[in-house]
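**Q** Under the working numbering, think of the first position of the sequence shown as -14, with each following residue one higher.
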Amino acid sequence: MQINSLPADASTIFEDLNLTLEQVVGSDDLRPAWWLEEGAARSRAVCKIDATGVDYKAQSGSWSGSGFLVAPGILCTNHHVLNSKEVALRSRALFDFAALPDGSARAVSTFRLRPDLLFWTSTVVEADGKGGLDVTFVAVEGDPGIDFGYVPLLRQSFVVYDKDKLNIIQHPNGRLKEVAIRNNEVKRQNTQVVQYESDTEAGSSGAPVMNDAWELVALHHPAKDKLNEGIKFSAIAAALELDAQGGNPDAARLFGLFTGTDELVGFFGTLGRASTPAVGGMERVVNAYSGEDQDLDIGLWNIEWFNKRWQDKLDPVARVVVEMNLDVWVFVESSLEATQALSRHLESQYRTKEWGVLASQDASSEQQITTVMWNKSTVDVIAKSWPEKVERWFQVDSRQFDELGLEAVQGRVFDRYPALYEVKAKIRGVDNRFNLVPIHLKAMAEGSLRRQMAARLLSEAVAELAKDAGFDTDWIIGGDANATLASGDLDALTESGLTALTAKDAAIATLWSTFPTGVSGCASRTEPII
């Protein structure tokens, strides 16, 4: 159609001759083609559950719900769908209970449930938000996930944001499988639940709630406050972890299926946080999330050449810091400039709380040093001075001991100065403090003598400061020792009464401590020092 053939009052839409006739209107609903393929794959893992027996309200009868596989032989649904082992034994899971394009039904595959092999449940959520998490995991006979796939369990809290779109694959009212993918915006959420507009009906209970990357976000259950609602899997993971710590083998097995880190509780999750088993599942999770004052988390990380290449590594490092949610970080091969840039990036781009930063020495960014960064809302770190006698030791040069002849290339014992910091925090209402010494010892075989000397000098420094009433007697010495315990280079530290927390080499930090602590990877959680 020619423009001049339009009515005069309509031709004004072409006033801009460079008008783009295709455009995004409102929200961007364009998706890559794989989105359909991935959704179809997730759909296969979703099943209808036909249940019979005595329900969670103690009434006899039959009912249906939705569920999905989280492992080849493990099914997840709501507690109010499968509320007991007895009900699970009498119930069935129906896979491929779905329509073909012509409207006919697919060939259904039916599987028995095996609560005798695995069964873990948490009761329904009460109207006041108390009670359990309304979730059940149960084993399925025959490992149907081999044919139908399964939905991976993620522990991350930050897989859903306000106004995100949430997709729900379900069996509403017991019908053939359906999917809610339109008008499905997130409206509200907290650490335990997410509320959304996605359409569901009775029978949709137990369906997986997934974001637009088809990542598992929540477990759908009855609506609240005129919005549909799901229990976050990050909260379910926290409950499983608490039960696993209490010795529940099914909870431990299920918790092992989760990948990722819950950014709200950090790398160590609920480990070491007080909980009361008698309290309902939801309240236990709330208590675990609010337990920041029950522990102190420390990470030690050799970020290779972070001092010179921090611009390229800034955001990947920041994402790790956010995900692990530790209180104190020690960075090796860093610089003051790089760490200050990281703290600003965390505060501006990730909206974290304010960070403090200190460097082991005054040096240009060309020189590798150690730095410390800490969350000011949970802990305080103060730079301390070594006594003059110890300071002289740390300036020693291995070439002063040529007669030992233990290495071909000699030099300063400490190329990177072992700074001394005092860390202060209130843990479970008790004021705690300890000494922190970041280290980065000489690498390679020719550094053996210098590592031996460094270990001896550090152990003597600890013994010297033990004589001073002004210094606390608790220590963490950690970073990159560039040697294993088996090498013998670090014997002076292990023989001085300090406890080695990992014996691995440069890929993982090494820690020595004089008070109870746990270590995993390059991070350590300290329990109260009393």
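In this text, a Cβ means the ideal position worked out from N, Cα and C, and glycines have one as well.
Name the DSSP bridge partner or partners of Ala90?
**A** Here residue 90 is taken as the residue at index 105 of the sequence shown, counted from 1. BP columns for Ala90 point to Ala84.
**Q** Note down the Cα distance separating Gly516 from Val313, rounded to an integer number of angstroms.
**A** Residue 516 lies beyond the range of the chain shown here (-14 to 515); nothing can be said about it.
**Q** To the nearest angstrom, how far is it from the Cα of Asp235 to the Cα of Ala454?
**A** Within the sequence shown, the letter at position 250 stands for residue 235. Within the sequence shown, the letter at position 469 stands for residue 454. So the alpha carbons of these two residues sit roughly 49 Å apart.
**Q** Mind the definition here: the stretch 346 to 359 touches the stretch 403 to 421 only if three or more C-beta pairs lie below 8 Å; say whether that holds.
**A** Contact between the stretch 346 to 359 and the stretch 403 to 421 is present, because at least three Cβ pairs lie under 8 Å.
**Q** Roughly how many angstroms separate the alpha carbons of Gly88 and Phe82, rounded to a whole number?
**A** Against the sequence shown, residue 88 aligns to sequence position 103. Against the sequence shown, residue 82 aligns to sequence position 97. Going from the Cα of Gly88 to the Cα of Phe82 covers about 12 Å.
**Q** Inspect the beta-carbon positions of Ile288 and Leu311 and report whether they are closer than 8 Å.
**A** Residue mapping note: residue 288 aligns to position 303 of the sequence shown, counting from 1. Residue mapping note: residue 311 aligns to position 326 of the sequence shown, counting from 1. Result no, Cβ atoms of Ile288 and Leu311 do not sit closer than 8 Å.
**Q** Quick check on Ser498: buried or exposed, where buried means 16 or more other Cβ atoms within 10 Å of its Cβ?
**A** Against the sequence shown, residue 498 aligns to sequence position 513. Its Cβ being crowded by 16 or more others within 10 Å, Ser498 is buried.
**Q** Give me, in chain order, the residues of the same chain whose beta-carbon lies closer than 6 Å to that of Gln380; leave out the 5 immediate sequence neighbours on both sides.
**A** In the sequence shown, counting from the first residue as 1, residue 380 sits at position 395. Here the set comprises nothing.
**Q** For Gly134 versus Ala303, is the C-beta distance shorter than 8 Å?
**A** Within the sequence shown, the letter at position 149 stands for residue 134. Within the sequence shown, the letter at position 318 stands for residue 303. Cβ distance not < 8 Å, so Gly134 and Ala303 don't count as in contact.
**Q** Determine whether the beta carbon atoms of Pro193 and Gly130 lie at a separation below 8 Å.
**A** For this step, residue 193 is matched to residue 208 along the sequence shown. For this step, residue 130 is matched to residue 145 along the sequence shown. No. Outside cutoff.
**Q** DSSP three-state call for Asp282: helix, strand or coil?
**A** Locating residue 282 in the sequence shown gives position 297, counting from the first residue. Asp282: strand per DSSP, three-state reduction.
**Q** Does any C-beta atom of chain D lie closer than 8 Å to the C-beta of Ile462?
**A** Of the protein chains in this structure there is only one, and it is not chain D.
**Q** Identify which residue in Gly24, Thr62, Val398, Asn68 has its Cα closest to the Cα of Ile216.
**A** One-based indexing of the sequence shown puts residue 216 at position 231. Answer by Cα proximity: Thr62.
**Q** Start and end of the alpha helix (DSSP H) containing Thr106?
**A** As a position in the sequence shown, residue 106 is number 121, starting the count at 1. Taken as a continuous stretch (DSSP letters only), Thr106 belongs to no alpha helix (DSSP H), being part of the beta strand (DSSP E) at 104 to 107.
**Q** In chain order, what are the residue ranges of uninterrupted alpha helix (DSSP H) at least 4 long that sit wholly in the stretch 182 to 236?
**A** Counting only runs of 4 or more, we get 218 to 230.
**Q** Taking the runs of the beta strand (DSSP E) that are 3 residues or longer, which of them lie wholly in the stretch 17 to 103?
**A** Taking only runs of at least 3 residues, the beta strand (DSSP E) segments lying wholly in the stretch 17 to 103 are 31 to 39, 45 to 56, 59 to 62, 77 to 80, 94 to 97.
**Q** Please report the straight-line C-alpha distance between Leu450 and Pro403, rounded to a whole angstrom.
**A** Locating residue 450 in the sequence shown gives position 465, counting from the first residue. Locating residue 403 in the sequence shown gives position 418, counting from the first residue. Going by the C-alpha atoms only, they are around 15 Å apart.
**Q** When burial is assigned at 16 or more other CB atoms within 10 Å of the CB, is Ser345 buried or exposed?
**A** By one-based count along the sequence shown, residue 345 stands at place 360. Answer is buried; the Cβ neighbour count reaches 16.
**Q** In chain order, what are the residue ranges of uninterrupted alpha helix (DSSP H) at least 4 long that sit wholly in the stretch 302 to 355?
**A** Runs of the alpha helix (DSSP H) inside the stretch 302 to 355: 321 to 334.
**Q** Label Leu6 either buried or exposed according to how many other C-beta atoms from any shown protein chain fall within 10 Å of its C-beta, with 16 as the threshold for buried.
**A** For the purposes of this step, residue 6 is identified with residue 21 of the sequence shown, where counting begins at 1. Reliability of the predicted coordinates at Leu6 is poor, the pLDDT of 41 falling under 50, and no value is obtained from them.
**Q** Quick check: Phe419 and Asp465, are their CB atoms within less than 8 Å of each other?
**A** By 1-based counting over the sequence shown, the position of residue 419 is 434. By 1-based counting over the sequence shown, the position of residue 465 is 480. It is not a contact, given that the beta carbons lie outside the stated cut-off.
**Q** Skipping 5 residues on each side, what residues in its chain have a beta carbon closer than 7 Å to that of Lys374?
**A** For the purposes of this step, residue 374 is taken as the residue at position 389 of the sequence shown. Cβ within range, chain order: Glu449.
**Q** Using the rule of at least 16 other Cβ atoms within 10 Å of the residue's Cβ for burial, across every protein chain shown, is Val422 buried or exposed?
**A** Here residue 422 corresponds to residue number 437 of the sequence shown, with the count starting at 1. Answer is buried; the Cβ neighbour count reaches 16.
**Q** So which of Thr108, Ala84, Arg75, Trp105 has the shortest CA-CA distance to Arg97?
**A** The sequence position of residue 97 within the sequence shown is 112, counting from 1. The residue with the shortest Cα to Cα distance from Arg97 is Arg75.
**Q** Are the beta-carbon atoms of Leu443 and Leu478 separated by less than 8 Å?
**A** Here residue 443 refers to the residue found at position 458 when the sequence shown is read from its first residue. Here residue 478 refers to the residue found at position 493 when the sequence shown is read from its first residue. A contact, by the Cβ cut-off of 8 Å.
**Q** Taking the continuous alpha helix (DSSP H) assigned at Val375, which residues delimit it?
**A** Position 390 of the sequence shown, counted from the first residue, corresponds to residue 375. Val375 -> alpha helix (DSSP H) spans 373 to 379.
**Q** Is it buried or exposed for Ser51, if we count other Cβ within 10 angstroms and need 16 for buried?
**A** The sequence position of residue 51 within the sequence shown is 66, counting from 1. Burial call: buried.
**Q** Any idea what DSSP makes of Ala454, helix, strand or coil?
**A** The residue labelled residue 454 in the question sits at position 469 within the sequence shown. Coil.
**Q** Going by beta carbon distance, what residues of the same chain come within less than 7 Å of Ala534, once the five residues before and after it are set aside?
**A** The displayed coordinates of the chain run from -14 to 515. Any statement about residue 534 would go beyond what the structure contains.
**Q** Tell whether a beta-carbon distance below 8 Å holds between Val270 and Ala224.
**A** In the sequence shown, counting from the first residue as 1, residue 270 sits at position 285. In the sequence shown, counting from the first residue as 1, residue 224 sits at position 239. Taking 8 Å as the Cβ cut-off, Val270 and Ala224 qualify as a contacting pair.
**Q** Does DSSP put Ser498 in a helix, a strand or coil?
**A** For this step, residue 498 is matched to residue 513 along the sequence shown. Of the three classes helix, strand and coil, the one that applies to Ser498 here is strand, per DSSP.
**Q** Identify every run of the beta strand (DSSP E) within the stretch 392 to 467, keeping only runs that are complete inside it and at least 3 residues long; order them along the chain.
**A** Within the stretch 392 to 467, the complete beta strand (DSSP E) runs of at least 3 residues are 405 to 412, 415 to 425, 460 to 465.
**Q** Which value, in whole angstroms, describes the spacing of the CA atoms of Leu60 and Val306?
**A** Residue numbering aside, residue 60 sits at position 75 when the sequence shown is read from its first letter. Residue numbering aside, residue 306 sits at position 321 when the sequence shown is read from its first letter. If you take the alpha carbons of Leu60 and Val306, they lie about 33 Å apart.
**Q** For Arg173, count the other beta carbons within 10 Å of its own beta carbon; 16 or more makes it buried, fewer makes it exposed. Which is it?
**A** Stepping through the sequence shown from its first residue, residue 173 is reached at position 188. Under this definition Arg173 is an exposed residue.
**Q** If you reduce the DSSP assignment to three classes, tell me which class Asn175 lands in.
**A** In the sequence shown, residue 175 corresponds to position 190, counting from 1. The answer is coil: DSSP assigns Asn175 none of H, G, I, E or B.
**Q** In terms of alpha-carbon separation, which member of Glu431, Leu285, Glu308, Pro86 lies closest to Leu486?
**A** Locating residue 486 in the sequence shown gives position 501, counting from the first residue. Nearest option by C-alpha distance: Leu285.
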